[in-house]
Every structure is written in C-alpha cells, then in structure tokens.
Amino acid sequence: MLREVAMMVRKKKMEEYEERIKQALSVLGAVSEDNTTPRNIRRAAKDAMNTMQTSEYTPAVRASNAISLMDEILQDPNMPPYTRVKLWNVMSLLEAIKD
C-alpha cells in the first residue's frame, strides 16, 4: 500500500516536471526564432532546448544542464532586456525540478 502511494507520488512529480520542461521548451523556441535576438543567444537557446529533449538523463539533470547553458549566456551585454527576462523565467521553471 505504502509503495503504491510512493509510486503514484513519483509519477505525479514526473508529470509535473515534464510539463515544466514543455513550458521551458516553448519559451526557448520563441527566443531561438526571434530575429531581434543576437545569433549567439539564439544558438544557446537551441542548445538548451536540445539538452532538455535528451532522454538519456533524468529531468533534473537535463534541467540543470540547460540552466548552466543559459547562465553562461545571460552574462552577454548584447542581450535584449526582454530576452533576459524570458531566460530568467525559464530558469525559474527549471530550478524547481529535483531528483
């Protein structure tokens, strides 16, 4: 009985994490296609998307890797402010994903 409850809770968390990843992918997709954003930032957004879509790691590891990629690019002084805000929002979505 207790094991079944634990499995249900784990499944619910995984569904929540996958939903967060979907939301993050949506925002990153918009950033990667925004022609007003510098090319290196669009490329980093695509790299973060690819990292999150890999199935070889847990959702937490994928989120952590994507956060790391975005953290580097957030230091770019050429980043438009509205893009920076979008990336911060994505990072806050992904930071809630834990193993």
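Residue numbers (our numbering): 269 to 367. Virtual Cβ for every residue (Gly too), placed ideally from N, Cα, C.
Helix, strand or coil at residue i according to DSSP, with G and I counted as helix
{"i": "M320", "result": "helix"}
{"i": "E284", "result": "helix"}
{"i": "N303", "result": "coil"}
{"i": "T351", "result": "helix"}
{"i": "M269", "result": "coil"}
Alpha carbon of residue i to alpha carbon of residue j, nearest angstrom
{"i": "T319", "j": "M275", "result": "27 Å"}
{"i": "D367", "j": "Y285", "result": "10 Å"}
{"i": "R307", "j": "V273", "result": "47 Å"}
{"i": "A313", "j": "M269", "result": "43 Å"}
{"i": "I291", "j": "V353", "result": "One point to set straight first is that residue 291 is Gln, not Ile, in the sequence displayed. Cα to Cα, Q291 sits roughly 15 Å from V353."}
{"i": "L296", "j": "D344", "result": "17 Å"}
{"i": "P348", "j": "R271", "result": "49 Å"}
{"i": "S381", "j": "T326", "result": "The chain is shown only over 269 to 367; residue 381 falls outside these bounds and no answer can be derived."}
{"i": "T304", "j": "A298", "result": "11 Å"}
{"i": "W356", "j": "Y350", "result": "10 Å"}
{"i": "K280", "j": "L361", "result": "17 Å"}
Span of the alpha helix (DSSP H), counted from its first residue to its last, around residue i
{"i": "I365", "result": "Here I365 belongs to no alpha helix (DSSP H), and DSSP marks it neither H nor E."}
{"i": "D344", "result": "No alpha helix (DSSP H) holds D344; DSSP gives it neither H nor E."}
Top-ranked residue by Cα proximity to residue i, from the options
{"i": "I335", "options": "G297, M359 and S294", "result": "M359"}
{"i": "A364", "options": "E324, A328, N346 and L293", "result": "A328"}
{"i": "R288", "options": "I341, L342, A331 and L355", "result": "A331"}
{"i": "Y346", "options": "E283, I309, S300 and K280", "result": "Per the sequence shown, residue 346 should be read as Asn rather than Tyr. Out of E283, I309, S300 and K280, I309 has the C-alpha closest to the C-alpha of N346."}
Residue i at chain D interface by Cβ criterion, 8 Å
{"i": "R271", "result": "No chain D is present in this structure, which holds just one protein chain."}
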